[in-house]
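Q:
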Ligand code: CO8
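Residue numbers (our numbering): 2 to 264.
#1: Run through DSSP, which three-state label would residue 106 get?
#2: Under the three-state reduction of DSSP, which class applies to residue 42: helix, strand or coil?
#3: Grouping DSSP H, G and I as helix and E and B as strand, with all else coil, what is residue 220?
#4: Would you decide whether residue 101 is buried or exposed? Buried here means 16 or more other CB atoms lie within 10 Å of its CB.
#5: Measuring alpha carbon to alpha carbon, tell me which of 129, 40 and 54 ends up nearest residue 201.
#6: Would DSSP call residue 19 helix, strand or coil?
#7: Could you tell me which uninterrupted beta strand (DSSP E) segments, each at least 3 residues in length, are contained entirely in the segment 178-222, listed from first to last along the chain?
#8: Is residue 114 near the ligand CO8, going by C-beta to nearest heavy atom under 7 Å?
#9: Would residue 241 be called buried (16 or more neighbouring beta carbons within 10 Å of its own) or exposed?
#10: Closer than 7 Å: is that where the CB of residue 49 sits relative to any heavy atom of the ligand CO8?
#11: Below 8 Å on the Cβ atoms is my contact criterion, and I expect residue 65 with residue 31 to pass it. Report the Cβ-Cβ distance as a whole number of Å.
#12: Residue 127 and residue 192 - do their beta-carbons sit closer together than 8 Å?
#13: Is the segment 122-142 close to the segment 177-190, with three or more CB pairs under 8 Å?
#14: Is the beta carbon of residue 73 within less than 7 Å of some heavy atom of the ligand CO8?
#15: Using the Cβ count rule (16 or more neighbours within 10 Å means buried), how would you classify residue 2?
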């Protein structure tokens, strides 16, 4: 698989069909700077193209998923540099170009850009003591990698507004209770195991059906209900042209386990 050498991330395939990316910049609590984001994008794209991989997990350390964008990298930027060089644009590759499901396993600090990175993933799992937040207001700026949009859609305007205006951090438990995270585990180990287990389950299904599921659920974030349902129906109809639809439905009728093409 993706046995490239990276400096700021670790890449492995710990379960059948699962690509794991561990952010690994321990000296700066995985603060997200451009070289790390480039490595992350390369690893995600490599797994996305790898036919043996069906789903991915992104995690950090027990201490930090990522303590934000690198404040030291940003602090002296001028408007012309930020705007002119499209600062932060490379962060959008994860939500915009990766087609296979990506699960975030969030332990420790996930602040600012770290919280935003977790929210870009398709599913977020957390442990109880994870420390999330959008503290940009305390630095004299605002969320810059989608936080104001994704947090608000996930938990509603009043709560998102309160968190973004005050910079108050919130726990993994709160993230779960508000619906931002899909599961909350007691320990960091359980959180990563849970994410890997879910990724393995997803990777065991028809690749084409998984790809279509992700596509249509994401459309719900952009389309009105009527267009969204129509879009879903088109994709649903389209799947009757896939081998895996025939395989899955005939296996059910024969009471057999489906043997997916994985194409
Ligand atoms: N950027 C750069 N370095 C960092 C960051 C960061 N975000 N976070 C931690 N570090 C560094 C520290 O400077 C320190 O380095 P050194 O040892 O050289 O002094 C090292 O990591 C360890 O950190 P601490 O000693 O502070 O560790 P503590 O356990 O005492 O505290 C905290 C942990 C509470 C997480 C603390 O480090 C902290 O508050 N960090 C900053 C959190 C923050 O404000 N994040 C938001 C950043 S702004 C942002 O993300 C904007 C996103 C916009 C979109 C993307 C734009 C780029």
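The beta-carbon is built from N, C-alpha and C at its ideal position, and this holds for glycine as well.
A: To lay it out plainly:
#1: Collapsing the DSSP output to three states places residue 106 in a strand.
#2: In the structure shown, residue 42 sits in a helix (DSSP, three-state: H, G or I).
#3: The DSSP-derived three-state label of residue 220 is helix.
#4: Buried: at least 16 other Cβ atoms inside 10 Å.
#5: With distances taken between Cα atoms, residue 201 lies closest to 54.
#6: In this structure, residue 19 counts as strand in the three-state DSSP scheme.
#7: Secondary structure in the segment 178-222: the beta strand (DSSP E) runs of 3 residues or longer, each lying completely within the stretch, are 184-186 in chain order.
#8: The answer is yes for residue 114.
#9: Looking at its Cβ environment, which holds fewer than 16 other Cβ atoms inside 10 Å, residue 241 is exposed.
#10: Short note on residue 49: C-beta not closer than 7 Å to any heavy atom of the ligand CO8.
#11: Confirmed, about 5 Å.
#12: With contacts defined as CB atoms closer than 8 Å, residue 192 and residue 127 qualify as a contacting pair.
#13: Pairwise C-beta distances place the segment 122-142 in contact with the segment 177-190, as three or more of them are shorter than 8 Å.
#14: Residue 73: yes, Cβ under 7 Å from the ligand CO8.
#15: For residue 2, the pLDDT reaches just 48, beneath the cut-off of 50, and the residue's location in the model is therefore unreliable, leaving the point undetermined.
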